[in-house]
Amino acid sequence: MQLVVRVESGDRTSTFKIQVGDGRKSFKWLALAAAQRFGSESPKGKLRQRERKFPCTNPANTNLVPSRCYTEDQDFFHPDALLVEQLQDGDHLTVEVAPRVYVDEAGSPVKSRWQTIAFAVSPSSSAK
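Structure representation (structure tokens):
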């Protein structure tokens, strides 16, 4: 099974074809894989001295965290749902990654609904 994943971060977007085997992987896995591929994109060719740093590079080896996962037909997929149960081979999916971590007045990170389910209360995060 292969999916076409569009990753959006602010005004930047990239599209990747991602092989997911038999589809028995979670949306959380797919979103993290897409975010990692998006973050590791690099410029092609040599960067000249006077050119600005390429905006796609990932500063200080940071990891991008997905904040939303959706298609044209469905605006939310549970992070622990299996891909094969919700999608077909060749389907298009969009993953949003936040260009930065937003914090509230107390300095705590503000998480989207998808992030809260995926990284705070999911069975895969509590199994460790």
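First residue of the sequence shown: -9, per our numbering; consecutive thereafter.
Each residue gets a CB set at the ideal place from its N, CA and C atoms; glycine is no exception.
When the five nearest sequence neighbours on each side are left out, the beta carbons in the same chain lying within less than 8 Å of the beta carbon of K15 are those of L72, L73, in order along the chain. According to DSSP, Y60 shares a beta bridge with T84. Contact between K18 and D94 fails: their C-beta atoms lie close to 24 Å from each other, not under 8 Å. In the three-state DSSP reduction, R2 falls in the strand class (E or B).
A residue is called buried once 16 or more other Cβ atoms fall within 10 Å of its Cβ, and A88 is buried on that count. According to DSSP, residue pairing for P99 in a beta bridge involves V93.
About 5 Å separates the beta carbon of S4 from that of F28, a gap short enough to meet the 8 Å contact definition. The beta carbon of A108 lies closer than 6 Å to those of K18, P69 in the same chain, with the five residues before and after it left out. About 7 Å separates the beta carbons of T61 and D81, which is inside the 8 Å limit, making them a contact pair. Apart from the 5 residues on each side of it in sequence, Q76 sits with its Cβ closer than 8 Å to the Cβ of F17, Q64, F67 in its chain, given in chain order.
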